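Peer 1: Below is a structure I'd like to ask you about.
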Amino acid sequence: MTENPENPENPEITHETERRARLTWSLLAEPSDAVALMARERLGSRAALELAREATPTELLAALDGQVPAEAADPGTGTPDASASRALQRWRSRLAAVDVEAVLEDAYRRRIRVLIPG
């Protein structure tokens with residue numbers, strides 16, 4: 002296993018954090034959410050999730066180099082800032098209902114394997 006620069010003492014911590022971030026995104030974003038896909042591809046699941054939780058639309062835009070793709074589910078018109086704002090609103094409204102621990106516990110109880118995307 003490669004050394005984890007964030008925690009060289011325990012590389013598993015970052016692996017588990019990344020795993021949970023990917024699972025959270027699978028519960029949070031629709032497959033057609035192009036902004037979520039771009040954020041995860043460019044920033045990684047953990048960093049993109051941190052932005053989803055805490056960033057302003059301006060910060061999300063800056064992290065994506067000012068580019069926000071058009072949304073198939075929410076094409077809207079307007080500025081990239083408005084698109085970033087809609088994406089953050091979408092994600093934050095769903096984040097309140099996402100309970101990764103409950104999903105994992107339920108899967109374990111039912112003996113279901115959870116496939117983590119990515």
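Numbering (my numbering), first residue to last: 2 to 119. Idealized CB from N, CA, C, for every residue including glycine. Please read these numbers as outputs of a predicted model, since none were measured by experiment.
#1: In the DSSP assignment, find the unbroken alpha helix (DSSP H) run with proline 58 in it and report its ends.
#2: Are the Cβ atoms of alanine 83 and proline 58 separated by less than 9 Å?
#3: For glutamate 19 and leucine 38, what's the separation of their Cα atoms in angstroms?
#4: Whole angstroms are fine: how far does the CA of isoleucine 113 sit from the CA of alanine 53?
#5: Evaluate alanine 97 with the Cβ neighbour count: other Cβ atoms within 10 Å of its Cβ, from every protein chain shown; 16 or more gives buried, anything less gives exposed.
#6: Classify arginine 93 as buried or exposed, calling it buried when 16 or more other Cβ atoms lie within 10 Å of its own Cβ.
#7: Taking arginine 43 as part of the alpha helix (DSSP H), name the residues at either end of that continuous run.
Peer 2: Reading it off the structure:
#1: Counting along the chain, the unbroken alpha helix (DSSP H) around proline 58 starts and ends at 58-64.
#2: It is a contact, given that the beta carbons lie within the stated cut-off.
#3: Computed Cα separation, rounded: 15 Å.
#4: Going by the C-alpha atoms only, they are around 28 Å apart.
#5: When all chains shown are included, alanine 97 counts as exposed.
#6: By the 10 Å Cβ count, arginine 93 comes out exposed.
#7: For arginine 43, the uninterrupted alpha helix (DSSP H) run begins and ends at 35-44, by DSSP.
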